[in-house]
Each structure stands twice: as C-alpha cells, then as structure tokens.
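Chains A and B, in that order, are what the protein sequence lines are.
The first sequence begins at 1 in the working numbering and counts up by one.
The second sequence begins at 243 in the working numbering and counts up by one.
For each residue, glycine too, the CB sits at the ideal point set by N, CA and C.
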Amino acid sequence: MIELVHISKSFGDKTVLDDISASFYKGKTNFIIGASGGGKSVMMKCMVGLMEVDKGQILYGGTDFVSLSYNERKTIRQQIGMLFQGTALFDSLSVEDNVAFPLRMFTKMSPEEVKERVNFCLQRVNLVNVNSLFPSNISGGMKKRVGIARAIALNPKYLFCDEPNSGLDPVTSRVIDELIKEITIEYDITTIINTHDMKSLFEMGDNIIFIYQGKKIWEGEKSEIRQSGNKQLLEFMKASEF
Amino acid sequence: MTKVFTTFFEHLGQYASFLMSLFNRPERRSVFFKQTIHEINNIGIGSFGIVSLISIFTGAVSTIQIGVQLVGSLVPSHMLGAFVRDSNVLEFSPTITCLVLAGKVGSNIASEIGTMKVTEQIDALEIMGINSVNYLALPKIIAGIISIPLLVTYSMLLSIFGGAISGEMSDLITLDSYIKGLRTSFIPFTIYFAIIKATVFAFLITSISAFEGYRTEGGALEVGQSSTKAVLYSAVAVIIFDYIISNTFIDQLSV
C-alpha cells in the first residue's frame, strides 16, 4: 500500500500539488485521473522519486520515502516497476536485453536464469520470438508489452503506469488494460495508473482519485463516480463521453 | 553583461555538480567494464578512419607550407623535418585531432544522452535506482581518456609519415634529409606534452558533451541544439586549455 500524506509541490509561484492525501491499495488498480496539466504526472514523478515534494510524506508500506537517503531509497526503488507513456525502452538494447537489464543490474542470477526469467516475463505479456528484435523494429503495442515485461522482471510490489493507452488503437489498448489488471491480481501488487482514458477506468478501475488544478477533488470507487455530485468530475466525464 | 556572467557561473556550477555525481554511487563493476569497452570501441575504433585521414594531410600540408618558407633561406634543408615534427607533435596532432573529435565524438555523446533524456530512458534508469550519470557518462569519459591519447599518438606518427611523402613528392626535401631533420634537436618531453594535452582534451570533450546531453529538455529540436552546444563548448574549452597547458609547460619545451 502507498499513502500520500499532505504532499505539496510548487514550481516558483505555481502550486502544482496542493496538500494532497490519498491511499493506493495492494492488489487493486488505483487510478489517478484529471485533465492535462492538472498535476497527475508531477504527482506520479514525486511518488517514484523523480521529483521531490516540498512537504508531506509518501509512505511505502509505512516507510516514508521522502525522508530516505538516495541509497536507502534504492531498496524501495527496486520494488517499483514503471511503464512509461513513451515506453522508455533502451534503444541500443534488444528486447531481451531490455527485460534482462534490471536482472543483470540487481540480481546475482546466472545468464541461464536471466534468460529463463526474461522468457517467462515475455511470455506473460504474450510476446514470443521477439527476443532479438530492437525497440525500433516493433509496434507501439508490443513496446508497451515489453515495457510491462521489464517492469515485472524483478517481481515488483508497486507498478506505476503513466498513460498506458496513449497512442494505441482501441483493441491493443484493451489488451494492455487486461494485462495490467491480470498482473495486478496475479502478483498482488499495488498498481497506480495515471490516465484520462475513462474507458480504461470503467473497465478495470478499483480505486479512483480525481485531481483538479493540483487538488484532490474526489476519491472513491468507479461505481460511485456518477453519484459523486462533484461538478468538475462530472464535467470531466461528460467531456470524455461517459 | 551581468546576466551573461550569472549564466556562465550557473552553468559552471551545474557542470561541477555533474562531475561530482559521476563518482557517486558506482554501479556494478562488471556492467561498468562492459560499458567502457563498448565506448572504447565507439570512440577509439570508430574514429580511426577520420583521424588517419586528417593526420596524413596535416603532415603533408605542414611540410609544404614550412618547406616553401625555407627555400632559399640560410636554414639547412634537413631542418624541415624537425619543424614538421615539432609543429605536428606539439600542436597539430593533439589540437586538430581533438577539435575534429569534439565534432564527431562530442555530438555523438550529446545526442545519444539527450535523446535518452527526452524519451524518458534516463528516468527509467533513475527509477530502477541506477545512478544514470555514473552508468552512462563515466564509461564514455574513461573510454575517451584511454582512446583519445592513443589516437593522438597514432596521429603524430601518421602526420610525420604524411610529411615525408609530401616532401618527396613536392621535391622540397629528400627522405634521408627529412629523417635527419626528425633526429635533430629532439626533446622527448614534447611527446609527453602532447599526451598530457590529449588526455585533458579527452576529458573536456567527453564530460562537456555528456553534460550538455544531460541538460536536454524537450524534444528533437532541443537534442540538436544540445549537440551543437556540446561541439561548440568542447572546441572552445580545447582551445583555452591548449593555451593554459602550453603556458604551464613552456620551460620544459625550451631547447
């Protein structure tokens, strides 16, 4: 479980995150939704340590990530898997080497064990015979799946997905959604998805947080959204044709 | 004017901070070693052709230019060999080679790291808990420090060889006379001096280019701008440090 306790973040005079507290639950797909520029990406970057919050706590299983030193954070970071919006696969490495990368960096696995684990992860995301291909030779949907395979290689406790459906056709988008949902349940991990794709949310969202102009406006389950009575949230949904 | 100075010192501070983070939290030695070998191949072997070409022609041109000045003068003709040797060993091979490498290697490093930055590949490394500066930049710097002085040494030999061919072809000097000149008034320290310069230039080119790559924010346009800045700043740093090093070792270079 991850908890945010009164976190704030500003850039100069502009407050991007304003006293946000929220909880993300284990074994659930936790959605952060909101309009572009509303603070979703900054919030996710703060949670994974790519940006520092100005104040507040980010608790990973009760441990405050913010107060940890760089080396102390390493332990938590190795429990985090992240699927980037643009996949962020390493261009110079093959699909196999991309997935093997965290294993080679952080485990003492033999080359055979690494290969076995890589093949397992790739099969888990329904990819076969792609080991020797490079990211530039595979489609957007396949890149996302390789990104997921790399993210789960170290058996993470936390999976962050930044706009997992962006740039994908509806069919591939659904495949990726289903994959993320399956992995979340199968490995009992805390999954946090940053999106404005309401279709994904209604298909697989468990816990939803709505961010509006840097503030948490609403939190609840998907079944409660339509009855939320929150003007901004209902407007956001209406604009998304839901 | 004040703003220019402020920006310069801000930039310098960021560069110093970047250099500090190079040596923090080193990653796995085996991975680091593999990366360094890969970079030596990129920087060293990859630059072999261009260095060969410019070295032969630099030697050839310097022989013709100096030889023409010496025709009819009281200076013995074999001294052309000594002049070509000294001008190439002291200046042309280390400086011109490194200026060309600032363009080739510098733009390559800046655009590679810049692209990784804008496509979130560096974020991916950081999230995994990897010190990306150490992982990406340090192998390139070490590879540069190893391979560029070797390239410069190779360039010195080739430029002298180029000078010999050019002297023979243009009838400015015979090969025997040229070799006699090469052996005249030779100061072994000039070789060390050239290697010291090449090592410093190698560090400047690779570290400045990696730093500019790291500063990239935005997209393809900014990657191109970073690449240009990397070449420009590296070349300026090479010229400035060329003067500083020459001035520092001026006594050891006197006959």
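Backbone CA spacing between residue i and residue j [nearest angstrom]
i	j	result
B/Ser501	B/Ser294	For chain B, the structure presents residues 243 to 497; residue 501 of chain B sits outside this window and is missing.
B/Tyr257	A/Ser240	45 Å
A/Gln232	B/Leu343	56 Å
A/Leu68	A/Leu93	32 Å
B/Ser401	A/Val118	51 Å
B/Phe443	B/Ile481	9 Å
B/Leu225	B/Phe290	The shown model of chain B, from 243 to 497, leaves out residue 225 of chain B, and the question about it has no answer.
B/Gln363	A/Asp91	9 Å
B/Ile306	A/Gly140	58 Å
B/Ser298	B/Ile292	Residue identity check: residue 298 of chain B is Ile in the sequence provided, not Ser. Going by the C-alpha atoms only, they are around 10 Å apart.
B/Ile390	B/Glu354	19 Å
A/Lys45	B/Glu368	11 Å
B/Ile487	B/Asn373	33 Å
B/Thr416	B/Met243	56 Å
B/Val360	B/Ala436	38 Å
B/Ile296	A/Phe31	59 Å
A/Thr15	A/Ser8	8 Å
B/Phe334	B/His280	28 Å
B/Val478	B/Gly345	12 Å
A/Phe11	A/Met109	42 Å
B/Tyr377	A/Ser200	36 Å
A/Ile58	A/Ala35	23 Å
A/Ile185	A/Met51	29 Å
B/Ser408	B/Tyr420	11 Å
A/Arg226	A/Cys161	25 Å
B/Gly460	B/Gly466	11 Å
A/Glu116	A/Pro156	18 Å
B/Met262	A/Tyr70	15 Å
A/Glu255	A/Glu178	In this structure chain A extends from 1 to 242, so residue 255 of chain A is not present and cannot be described.
Presumed contact (8 Å Cβ cut-off) between residue i and residue j, rounded CB distance
i	j	result
B/Gly356	B/Ser468	4 Å
A/Ile180	A/Thr29	7 Å
B/Phe445	B/Ile351	With a Cβ gap of about 13 Å, B/Phe445 and B/Ile351 do not count as contacting.
B/Leu322	B/Gly309	5 Å
A/Phe84	A/Ile192	Not really, about 13 Å apart at Cβ, beyond 8 Å.
B/Ser449	B/Ile383	5 Å
A/Tyr158	A/Gln79	6 Å
A/Val130	A/Leu122	7 Å
A/Leu127	A/Ala149	7 Å
A/Met105	B/Met398	Contact doesn't hold; Cβ gap of about 40 Å is too wide.
A/Leu154	A/Val95	About 17 Å; that fails the 8 Å criterion.
A/Ile211	A/Gly27	Not confirmed; about 23 Å, so no contact.
Residue burial classification, residue i (beta-carbon count within 10 angstroms, cutoff 16)
i	result
A/Pro102	buried
A/Gly229	exposed
B/Ala366	buried
A/Lys216	buried
B/Ser412	exposed
A/His6	exposed
A/Val48	buried
B/Phe265	exposed
A/Thr195	buried
A/Pro164	buried
A/Pro135	buried
A/Ser266	Because chain A here runs from 1 to 242, residue 266 of chain A falls outside it and cannot be looked at.
B/Asn284	buried
A/Asn207	buried
B/Glu252	exposed
A/Lys143	buried
B/Arg457	buried
B/Thr490	exposed
B/Phe325	buried
A/Asn137	exposed
B/Lys276	exposed
A/Asp197	buried
Residues that residue i bridges to, as DSSP identifies them
i	result
A/Met82	A/Phe160
A/Asp64	A/Leu59
A/Tyr212	A/Lys215
A/Ala22	A/Leu4
A/Lys9	A/Leu17
B/Thr244	Paired residue(s): none; B/Thr244 is not in a bridge.
A/Ile32	A/Asn194, A/Ile209
B/Gly356	Answer is none; B/Gly356 lacks a bridge partner.
A/Gly220	A/Ile208
- request: Residues of the region 313–337 of chain B with a CB closer than 9 Å to any CB of chain A: list them in chain order, please.
  value: When CB distances to chain A are screened at a threshold of 9 Å, not a single residue of the region 313–337 of chain B falls below it.
- request: Determine which residues of the region 67–97 of chain A have a Cβ less than 9 Å from any Cβ of chain B, and write them out in chain order.
  value: So the list reads Tyr70, Asn71, Arg73, Lys74, Thr75, Ile76, Arg77, Gln78, Ile80, Gly81, Met82, Phe84, Gln85, Gly86, Thr87, Ala88, Leu89, Phe90, Asp91, Ser92, given in the order they occur along the chain.
message: At a CB distance below 9 Å, what residues from the region 44–64 of chain A approach chain B? Give them in sequence order.
response: The residues in question are Lys45, Val48, Gly49, Leu50.
task: Using a Cβ-Cβ cut-off of less than 9 Å, give me the residues of the region 99–110 of chain A that come near chain B, in sequence order.
output: Cβ contacts with chain B: Phe101, Pro102, Arg104, Met105, Phe106.
field: Interface positions of the region 355–375 of chain B facing chain C (Cβ-Cβ less than 7 Å), listed along the chain
entry: The displayed structure is made up of protein chains A and B, and chain C is not among them.
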